[in-house]
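Residue 278 in the working numbering is what sits at position 276 of the sequence shown, and the numbering runs on without skipping anything.
Glycine residues also receive a C-beta, built at the ideal position from the N, C-alpha and C atoms.
Here the structure is a predicted model, which is why all the values come from computation and not from measurement.
Contents: one structure, followed by commentary.
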Amino acid sequence: MNDYSEHIAIIGGGIAGLSFGCFLLSKDIKPIIFERSSQIREGGAGISISPNAISLFDKIDLKESLSNEGFFPEKINFLDEDYPITSIESRVCCISREKLVSILHEKYIELGGRVIFDHEYISFDSDNKILKFKNGQSYKVLHLAACDGIKSKIRDDFFETGKPVYSGYSAWRCIGQNPHKDAYLQLSSNKHLVLYPITNSLSSFVGCIKTSKENNESWIAEGSIDELVQDIGFMSDNHKETVHSSKNFFRWGIYTRPLLKKYFAKNITLFGDAAHPIVPFLGQGGCLAIEDGYAFAELLSDIGNLEDAQNHYEKIRKPRVKMITRLSKEQALHNHISNPLLRKTRNFLMSKTSIIDKQMDRIYKFEL
Ligand SMILES: Cc1cc2nc3c(=O)[nH]c(=O)nc-3n(C[C@H](O)[C@H](O)[C@H](O)COP(=O)(O)OP(=O)(O)OC[C@H]3O[C@@H](n4cnc5c(N)ncnc54)[C@H](O)[C@@H]3O)c2cc1C
Numbered sequence: 003m004n005d006y007s008e009h010i011a012i013i014g015g016g017i018a019g020l021s022f023g024c025f026l027l028s029k030d031i032k033p034i035i036f037e038r039s040s041q042i043r044e045g046g047a048g049i050s051i052s053p054n055a056i057s058l059f060d061k062i063d064l065k066e067s068l069s070n071e072g073f074f075p076e077k078i079n080f081l082d083e084d085y086p087i088t089s090i091e092s093r094v095c096c097i098s099r100e101k102l103v104s105i106l107h108e109k110y111i112e113l114g115g116r117v118i119f120d121h122e123y124i125s126f127d128s129d130n131k132i133l134k135f136k137n138g139q140s141y142k143v144l145h146l147a148a149c150d151g152i153k154s155k156i157r158d159d160f161f162e163t164g165k166p167v168y169s170g171y172s173a174w175r176c177i178g179q180n181p182h183k184d185a186y187l188q189l190s191s192n193k194h195l196v197l198y199p200i201t202n203s204l205s206s207f208v209g210c211i212k213t214s215k216e217n218n219e220s221w222i223a224e225g226s227i228d229e230l231v232q233d234i235g236f237m238s239d240n241h242k243e244t245v246h247s248s249k250n251f252f253r254w255g256i257y258t259r260p261l262l263k264k265y266f267a268k269n270i271t272l273f274g275d276a277a278h279p280i281v282p283f284l285g286q287g288g289c290l291a292i293e294d295g296y297a298f299a300e301l302l303s304d305i306g307n308l309e310d311a312q313n314h315y316e317k318i319r320k321p322r323v324k325m326i327t328r329l330s331k332e333q334a335l336h337n338h339i340s341n342p343l344l345r346k347t348r349n350f351l352m353s354k355t356s357i358i359d360k361q362m363d364r365i366y367k368f369e370l
């Protein structure tokens, strides 16, 4: 038996697990990450990080790395098909997922953290705090933090919850050449396309479509450009430029799980997609995962006891997650309007009122 009885055991070395590990170490609390893969990896797409999470990166001196490795678009241009609706100043940082997890991993190691690879969680004896892995290894730990994503086995084992459910939306993603400085959001009937620069020369393309054709939830379901074009249909020249210069095309179905009543059970706490997988139409799933880790580490450091920290964590996170979940779902409806009159009304409100900025202020505001 390996003794990590003073450590918070984090299952999963994704955005949630790595950022939580960093926040704990910054408070002199000991984490240990167990990851089923043989290395930290993410691929095939970009991700946008908004001010609510950027400000938390700043607290662990990661804002500079984020700026160096990612890209801050100047504006976000909204279009209805090819017709420009409005432009707003952008406040997000866009970065490849691979680079994001890599800078988080580097910071975690720099702060003294350790990731134990090739360890796939299979069970936790919560009375004796003993963790078991598929490779036969077992560890005595202090607490269990589930950062094992939407298909969380820990969530299945300890929380009353349904399985992941197909949201009715699928997404295509690829990274290609595009030297533009701005981000573009093209709205259309039953679909929307997002394009944002992740370096000086590369952009990330996301095409979200409403479809009853279910794809398996996976980062690595590769498809072809022909399939992408067939699914997506009309694209503006900007989007085409990126798509046609891409080499790999990924598609997956978007799944969610019902909102949880409890975020913790005994000495187990849920974070990120394991706690609240949401539809990605406001780009907030990863940002919420970062907020979760920050909130728990701060509370634990202030309160000094795990049980009280769990209670406060749940109290603080539930309303915010509920609000972002609702807004994210509504966003798809706004983006995908088919009715021409409603479309005109939406476009009018977007261009002539401060509705977008107000919505962003609300989402980007995170305080503990
Ligand atoms: C199309 C799309 C676009 C998105 N765009 C954005 C965006 O722009 N901005 C944003 O903030 N969010 C975005 N998101 C959401 C974001 O990707 C997720 O919320 C985020 O990746 C969740 O991170 P996580 O660490 O909780 O889970 P994951 O990234 O799923 O990480 C889980 C980790 O746990 C490991 N693991 C799983 N099971 C086990 C086990 N049994 N034992 C050991 N290890 C295990 C996995 O290998 C993995 O490393 C988007 C999502 C989609 C689908």
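CA-to-CA, the gap between serine 340 and glutamate 243 works out to about 26 angstroms. At a threshold of 6 angstroms, arginine 93 does not count as near ligand 1, since its beta carbon sits no closer than that to any of the ligand's heavy atoms. The criterion of a C-beta distance shorter than 7 angstroms is satisfied by valine 281 and serine 330.
In summary, glutamine 333 is buried, with 16 or more beta-carbon neighbours lying within 10 Å of its beta-carbon over all protein chains present. Excluding its 5 nearest sequence neighbours in each direction, proline 260 has C-beta neighbours in its own chain below 7 angstroms: Thr163, Gly164, listed in chain order.
Here glycine 295 is buried: its Cβ has 16 or more other Cβ atoms, across all protein chains shown, within 10 Å. Look at leucine 290 here: in three-state DSSP terms it is helix.
Counted as a single uninterrupted DSSP element, the alpha helix (DSSP H) harbouring serine 104 occupies residues 99 to 112. Boundaries of the alpha helix (DSSP H) around alanine 334: 308 to 337. Within the model, the alpha-carbon separation for phenylalanine 298 versus leucine 344 is close to 42 angstroms. Bounds of the alpha helix (DSSP H) holding isoleucine 358 are 357 to 366.
Of all alpha-carbon atoms in Ile118, Lys193, Glu76, Ile42, the one lying nearest the alpha-carbon of phenylalanine 36 is that of Ile118.
Of Ser353, Leu301, Ala147, Lys346, the smallest CA-CA separation from isoleucine 34 is found for Ala147. One thing to note: glycine 274 has its Cβ no nearer than 7 angstroms to the Cβ of alanine 55. Set against 6 angstroms, the gap from the CB of proline 282 to the closest heavy atom of ligand 1 is smaller. Residue pairing for glutamine 232: DSSP places it in no beta bridge. Distances from the CA of glutamate 300 to each of Cys289, Tyr315, Asp233, Ala291 were compared; the closest alpha carbon is that of Tyr315. In terms of CA proximity to glycine 285, Ala47 leads the group Arg38, Ala47, Lys65, Asn240. For serine 98, the shortest C-beta to heavy atom distance toward ligand 1 is 6 angstroms or greater. In this chain, proline 342 is not harboured by any beta strand (DSSP E); it is covered by the alpha helix (DSSP H) spanning 342 to 354. Rounded to whole angstroms, the Cβ separation of alanine 276 and glycine 151 is 6 angstroms, and the two are in contact under 8 angstroms. According to the DSSP assignment, valine 94 belongs to no beta strand (DSSP E), since it is labelled neither H nor E. Look at glycine 285: its beta carbon is less than 6 angstroms from one of the heavy atoms in ligand 1. Taken in chain order, the whole beta strand (DSSP E) runs of length 3 or more contained in the segment 188 to 226 are 193 to 199, 204 to 212.
Looking at the DSSP output, aspartate 120 bridges to nothing. Taking C-alpha positions only, arginine 99 is separated from glycine 45 by approximately 6 angstroms. At least 7 angstroms separates the beta-carbon of leucine 106 from that of isoleucine 10. Contact check for tyrosine 171 against isoleucine 234 fails: the beta carbons are separated by 7 angstroms or more.
The DSSP assignment places complete alpha helix (DSSP H) segments of no fewer than 4 residues inside the segment 10 to 97 at 17 to 28, 53 to 61, 65 to 71, in order along the chain. Contact between the segment 185 to 204 and the segment 70 to 89 is present: 3 or more CB-CB pairs across the two stretches fall below 8 angstroms. Secondary structure within the segment 240 to 288: the beta strand (DSSP E) runs of 3 or more consecutive residues, fully enclosed, are 251 to 258, 270 to 272 (chain order).
Glycine 138 counts as exposed, since fewer than 16 other C-beta atoms from the protein chains shown sit within 10 angstroms of its C-beta.
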